[in-house]
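**Student:** FYI, the numbering for the sequence shown is -11 to 247, going by the numbering used here. Heads up, the beta-carbon is just placed ideally off N, CA and C, and yes, glycines get one too. Just dropping this structure here.
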Amino acid sequence: MDKVLDSPARAVEDIPDGATLAVGGFGLCGIPSTLIGALVGAGTSGLRVVSNNCGVDDWGLGLLLRAGRIARMTSSYVGENKEFARQYLSGELEVELTPQGTLAERLRAGGAGIPAFFTPAGVGTQVEEGGLPWRYAADGSVALASPPKEVREFGGRRYLLEEAITADYALVRAEVADRHGNCVFNAAARNFNPLCATAGRTTVVEADRIVEPGQLPPDAIHLPGVYVDRVVAADPADRRIERRTVRALPTNSTTPQGS
């Protein structure tokens, strides 16, 4: 029952080239950066990654991307990662862009054993019609495009069929985990992390703090340990603030300094 390993390298050492990964996080929040760093060190390549975005140029999944280790991304947006955009537009990377809510539900369905579902998101767009560029050719033409989706009508409204997502491995970051793998996520870090965890056949969690079984109140647990296979300690120094915004004190402020 003790799922704690002594190093991130051990936790990812069996992930093979070409594996499918579901990676938690949103922007810079809740990113399993310690496990991603271990994968970079392992030299694993040809990865097919499902994640809301692909990190930034010098952190998170952006490190794997910059090293040329990712073959395919399934994401909801490119974000501010210039290398992500460059590789996609130059034909070096296959990208399936998916509406954000649809991506979340595809992961949830995969974890729940539901093979597919109908959604109104994307009706009447290229998501329905197909033709969205998944991979560009070197000359800028579309080498691989999305296929059209099955459409059905329910209650007089049209819906698209979306397939669930499962992954060989899931990489997740929690605020607290116990040795049995029960996890608690901090605020907005409880975004895609639980969804990815349930969709992974083997789920690896890095936690800011690891506690003994019984220390987490049952009602406080966001992810039961039954979904978790391995737990490692996260690097507490490897955290980012996406945009630091501060307000300067007015020049006529009478507030004593340091109060």
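Kindly identify the DSSP beta-bridge partner or partners of D166.
**Tutor:** D166 pairs with V199.
**Student:** What three-state label does DSSP hand Y65 in the structure shown?
**Tutor:** Coil, per DSSP.
**Student:** For L85 and L148, what's the separation of their Cα atoms in angstroms?
**Tutor:** Roughly 16 Å separates the two Cα atoms.
**Student:** Could you check which residue in A131, T32 and F105 has the C-alpha nearest to that of K137?
**Tutor:** Looking at the Cα atoms, F105 is the closest of the given residues.
**Student:** Grab the span of the beta strand (DSSP E) containing E93 for me, first residue to last.
**Tutor:** Element bounds for E93: not the beta strand (DSSP E) but the alpha helix (DSSP H), Q88 to A100.
**Student:** Which first and last residues belong to the alpha helix (DSSP H) in which L49 is found?
**Tutor:** Unbroken alpha helix (DSSP H) run through L49: L49 to R54.
**Student:** Between which two residues does the beta strand (DSSP E) carrying P121 extend?
**Tutor:** Where P121 is concerned, the enclosing beta strand (DSSP E) stretches over P121 to Y124.
**Student:** In the DSSP assignment, the alpha helix (DSSP H) including V332 goes from what residue to what residue?
**Tutor:** As shown, the chain starts at -11 and ends at 247. That puts residue 332 outside it, with no answer to give.
**Student:** Under the three-state reduction of DSSP, which class applies to E138: helix, strand or coil?
**Tutor:** The answer is coil: DSSP assigns E138 none of H, G, I, E or B.
**Student:** If I measure Cβ to Cβ from G213 and keep anything under 6 Å in the same chain, skipping five residues before and after, which residues do I get?
**Tutor:** H168, G169 and N170, listed in sequence order.
**Student:** Which residues mark the beginning and the end of the beta strand (DSSP E) in which R227 is found?
**Tutor:** Careful: R227 lies outside any beta strand (DSSP E) and carries neither H nor E.
**Student:** Do G56 and N179 have their CB atoms nearer than 9 Å?
**Tutor:** No, the Cβ-Cβ distance between G56 and N179 is not below 9 Å.
**Student:** Can you tell me which of the three DSSP states T107 falls into?
**Tutor:** Note: T107 maps to strand in three-state DSSP.
**Student:** How many Å lie between L183 and G89 at the Cα?
**Tutor:** One C-alpha to the other measures close to 12 Å.
**Student:** Please tell me whether I153 and A10 are closer than 9 Å, where the distance is taken between their beta carbons.
**Tutor:** A contact, by the Cβ cut-off of 9 Å.
**Student:** Taking a contact to mean a Cβ-Cβ separation below 9 Å, would you say S63 touches N40 in this structure?
**Tutor:** Yes; because the gap between Cβ atoms is below 9 Å, this pair is in contact.
**Student:** S78 to E116, Cα distance in whole Å?
**Tutor:** For S78 and E116, the distance between alpha carbons rounds to 25 Å.
**Student:** Going by the DSSP bridge assignment, what does G29 pair with across the sheet?
**Tutor:** Bridge partners of G29: none, in fact.
**Student:** Among all the DSSP beta bridges, which residues are the ones paired with G188?
**Tutor:** According to DSSP, which records beta bridges pairwise, G188 is partnered with A155.
**Student:** Identify which residue in N69, R60, Y65 and R36 has its Cα closest to the Cα of G50.
**Tutor:** The candidate whose alpha carbon is nearest that of G50 is N69.
**Student:** Applying the criterion that 16 or more other CB atoms from any shown protein chain within 10 Å of the CB defines a buried residue, is D217 buried or exposed?
**Tutor:** By the 10 Å Cβ count, D217 comes out buried.
**Student:** Short of 6 Å in beta carbon distance, which residues of its chain neighbour S247, apart from the five on each side in sequence? Order them along the chain.
**Tutor:** For S247, the predicted model reports a pLDDT of 46, less than 50, meaning its position is unreliable; a value from the coordinates is still stated below. Around S247: no qualifying Cβ.
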